[in-house]
Amino acid sequence: MASEENKRFISVDPKEASIPEIHKLLLGGITPRPIALVSTVSEDGINNLSPFSFYNAFGANPPIIVFSPARRGRDGSTKDTLNNLHQIKECVVQAVSYEMVQQVSLASTEYDADTDEFVKSGLTAIDSDIVKPKRVLESPFQMECVVQQIIPLGENKGSGNLVICEVVKIHVDETIMQDGVIEPNLIRLVGRSSANYYTKAFDCSMFEIEKPISTIGIGIDSLPDFIKHSKNLTGNELGKLGNIELLPLETEIKSFITSYKNQKININDIPKLLNGTDYHAVYAAGVAINHEDKVNSKRIIEISAKKALEQNDNAFAILALLSTTLIDN
Ligand SMILES: Cc1cc2nc3c(=O)[nH]c(=O)nc-3n(C[C@H](O)[C@H](O)[C@H](O)COP(=O)(O)O)c2cc1C
């Protein structure tokens, strides 16, 4: 079984594939990536501005961020950003919002080292408090950084260079803050995907996963087999169920069933209920038809549990699912 399932994978040995092939696989499989818009300055005082999506934060104390200006795939030469950082070991790293992404894309053009990409991209250079390179006014989140270490990851075409930076000052546009935190729908950041794709990290792209902070979920392995192996529950639904702290006791399940018994349900209303979001009503319908039609009763109860999970009522969902084994008693 395991080897049958394995057949759908194409397995690649990086040593046997071309650099562009590996690069494309990494870009497609590691996405969306945050974008660092990096401002540097050369010894001659020429500003440089370039985006890098091989980038992330790696600690808060001290605050450390890392990005990687790789050697060019065409000839193995190093990029101006890296060359500048070897000269002046400071930079400003800024977040990229949807409102500025076209200008950022323009700044990624390979202008020669004498060209100021602030000027080319039309983005506004403002002074930093601590470091020499300029900040980008249009970015809602800017970090002044001092380079701690540059680690070359090779000398070949496409080899990365880890630029490890300590953040020495953070500037946040106050209009993107809500209740002391950065609100995704106000900062409106974008991420880099594969090919020419970018991702919006706001609006309908966002969703929440509720997680109990002080407790540990029972895990999918602790769910009863008929739930764990149900063909009707997805991995995400099982993930939510595995997050509950305790399986309910039999007495709780029985009183749950009782609380939904004897509700007046018109059989003709069931299709309409199944299309709606009221999982309590769907469950009551499942309970109501249990005497006449066990198979459909179970199916409808499962649907009520799925609807509850969709609305993050995990406690209801587990009670509903477990009730299918006790409903006759
Ligand atoms: C959104 C975006 C992300 C990028 N990420 C990287 C990256 O992580 N590493 C890299 O070497 N080049 C990356 N590039 C390409 C560089 O921005 C591009 O080579 C740039 O011209 C380098 O400029 P420089 O020579 O002035 O440093 C990216 C380009 C874009 C548009």
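Taken in order, the sequence shown gives residues 9 to 337; the numbers are from my numbering.
Yeah, the Cβ is synthetic: ideal placement off N, Cα and C, and Gly gets one too.
Since the structure is predicted, the reported quantities are computational estimates derived from the model, not experimental observations.
Next item on the list: Write down every uninterrupted run of the alpha helix (DSSP H) in the stretch 232–313 whose length is 4 residues or greater and which is fully enclosed by it, in chain order.
Entry: List check, alpha helix (DSSP H) in window: 233–236, 243–250, 258–268, 278–283, 287–296.
Notebook entry, point to check: Would leucine 45 pass as a contact of serine 113 if the rule is Cβ separation under 8 Å?
Noted result: Here residue 45 refers to the residue found at position 37 of the sequence shown. Here residue 113 refers to the residue found at position 105 of the sequence shown. Result no, Cβ atoms of leucine 45 and serine 113 do not sit closer than 8 Å.
Notebook entry, point to check: Quick one: does the C-beta of proline 59 sit closer than 7 Å to a heavy atom of ligand 1?
Noted result: Your numbering for residue 59 matches position 51 in the sequence shown. For ligand 1, at least one heavy atom lies less than 7 Å from the Cβ of proline 59.
Next item on the list: Give the DSSP-derived three-state secondary structure of proline 28 in the structure shown.
Entry: The sequence position of residue 28 within the sequence shown is 20, counting from 1. Secondary structure of proline 28 (DSSP, three-state): helix.
Checklist line | Complete alpha helix (DSSP H) runs within the stretch 150–220 (minimum length 4 residues, chain order) | finding: With a minimum length of 4 residues, the continuous alpha helix (DSSP H) runs that stay inside the stretch 150–220 are 192–195.
Check: Over what stretch of residues does the beta strand (DSSP E) that includes leucine 57 continue unbroken?
Finding: Walking along the sequence shown from the start, residue 57 turns up at place 49. Unbroken beta strand (DSSP E) run through leucine 57: 55–60.
Margin query: What does the Cβ neighbour count give for proline 279, buried or exposed, with the cut at 16 atoms within 10 Å?
Written below: On the sequence shown, position 271 is the one that residue 279 refers to. Taking every protein chain shown into account, the CB of proline 279 has fewer than 16 other CB atoms within 10 angstroms, so this residue is exposed.
Check: Quick one: what does DSSP say glycine 67 is sitting in, helix, strand or coil?
Finding: Looking up residue 67 in the sequence shown gives position 59. Three-state result, glycine 67: strand.
Checklist line | Nearest residue (CA-CA) to threonine 223, options Ser201, Glu253, Asn69, Pro71 | finding: As a first step, residue 223 is located in the sequence shown; it is residue number 215 there, counting from the start. Looking only at Ser201, Glu253, Asn69, Pro71, the smallest Cα-Cα distance to threonine 223 is reached by Glu253.
Check: Around the Cβ of isoleucine 27, are there at least 16 other Cβ atoms within 10 angstroms (buried) or fewer (exposed)?
Finding: Here residue 27 is taken as the residue at index 19 of the sequence shown, counted from 1. That one is exposed.
Next item on the list: Could you tell me how far apart the beta carbons of isoleucine 138 and valine 176 are, in whole angstroms, since I believe they sit closer than 8 Å?
Entry: Translated into the one-based positions of the sequence shown, residue 138 becomes position 130. Translated into the one-based positions of the sequence shown, residue 176 becomes position 168. Contact flag correct, Cβ pair sits at about 5 Å.
Notebook entry, point to check: Does any heavy atom of ligand 1 sit closer than 7 Å to the C-beta of glutamate 12?
Noted result: Along the sequence shown, one-based indexing puts residue 12 at 4. No, the Cβ of glutamate 12 stays beyond 7 Å of every heavy atom of ligand 1.
Notebook entry, point to check: Start and end of the beta strand (DSSP E) containing leucine 45?
Noted result: The count along the sequence shown starts at 1 and reaches residue 45 at position 37. Unbroken beta strand (DSSP E) run through leucine 45: 44–49.
Note to self: Using the three-state DSSP reduction, which class does glutamate 98 fall into: helix, strand or coil?
What the structure shows: Looking up residue 98 in the sequence shown gives position 90. Three-state result, glutamate 98: strand.
Next item on the list: On a CA-only basis, which of Lys208, Gln150, Arg82 is nearest glutamate 182? Give me that one, please.
Entry: As a working mapping, residue 182 is identified with position 174 in the sequence shown. Checking every option, the nearest Cα to that of glutamate 182 belongs to Gln150.
Next item on the list: For cysteine 212, count neighbouring Cβ atoms within 10 angstroms of its own Cβ and tell me buried if that reaches 16, exposed if not.
Entry: If you number the sequence shown from 1, residue 212 lands on position 204. Counting Cβ neighbours within 10 Å, cysteine 212 comes out exposed, since fewer than 16 surround it.
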